[in-house]
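Q: Residue numbers (our numbering): 54 to 267.
1. If contact is defined by three or more beta carbon pairs under 8 Å, each pair taking one atom from either stretch, is the segment 83-92 in contact with the segment 126-141?
2. Which of helix, strand or coil does DSSP assign to residue 254?
3. Scan the segment 113-179 and note each continuous alpha helix (DSSP H) run of 4 residues or more that stays entirely inside, going in chain order.
4. Is the CB-CB distance between residue 120 and residue 182 below 9 Å?
5. Would you kindly report the start and end of the unbroken beta strand (DSSP E) that includes residue 70?
6. Under 8 Å: do the segment 230-237 and the segment 253-264 share three or more Cβ pairs, one atom per stretch?
7. Could you tell me if residue 102 is buried or exposed, where buried requires 16 or more neighbouring beta carbons within 10 angstroms of its beta carbon?
8. Whether or not the segment 191-206 and the segment 168-177 are in contact is what I'm after, with contact meaning three or more pairs of Cβ atoms, one per stretch, closer than 8 Å; do they touch?
9. Spatial neighbours of residue 178 within its chain, please: C-beta separation below 7 Å, excluding the five flanking residues on both sides.
10. Do the segment 231-245 and the segment 135-153 make contact, defined as three or more Cβ pairs closer than 8 Å?
11. Do residue 203 and residue 122 have their CB atoms nearer than 9 Å?
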């Protein structure tokens, strides 16, 4: 993330969850066309519209109601993700682990589901339509470099269907922080000062991705 998003995280003690429609990928949360055609064929065989109704509900309702926070489960840092999301020499990456990520949500009453994204190959695939969150945990295979893990929640009936901030325990969530490899030493001192100011304990490291484009 960029510095300002990190500062907002510290200021609000909240993770930003984006509405699925606003994530950038136009296929986000959508059942792939090849799967949908198979669903229609099944409806025709069974003489009903069950699958078509499911598709339309996901397309017209669930994509607006579903909120996502994206992470990566790379063992090491990713040059591609630094370049995409934090290339201004003031970029920041948070390191955590699954138990800590899960426990950090004890600050909210929302139900948070955590799942690993599967990458869809139209030539060889398994696709489930029995779990309505499944379309939000499947992406086309050219996104596979992201190795994405997602935290997912839903808007309640009385909420506006829009992006949300979800309360977290930052001391549970943040294990370490990595800053852009070409950041100045003063930037590292600033992040350490913010750690003290907001009473959140974490170690600050320079990224090991040493590339002049970052």
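All residues carry an ideal CB built from backbone N, CA and C; glycine is no exception.
Bear in mind the structure is a predicted one, so any value in this text is a computation, not a measurement.
A: A quick look at the data gives this:
1. no
2. Here the question's residue 254 lines up with position 201 in the chain shown. Residue state, collapsed to three classes: coil.
3. 132-138, 151-157
4. Working through the chain shown from its first residue, we reach residue 120 at position 67. Working through the chain shown from its first residue, we reach residue 182 at position 129. No. Outside cutoff.
5. Residue 70 sits at position 17 when you count from the first residue of the chain shown. Note, residue 70: beta strand (DSSP E), 67-72.
6. yes
7. Within the chain shown, residue 102 is the residue found at index 49, counting from 1. Exposed is the call here.
8. yes
9. Within the chain shown, residue 178 is the residue found at index 125, counting from 1. Correct list: empty, nothing qualifies.
10. yes
11. In the chain shown, the residue the question calls residue 203 occupies position 150. In the chain shown, the residue the question calls residue 122 occupies position 69. Yes, the Cβ-Cβ distance between residue 203 and residue 122 is below 9 Å.
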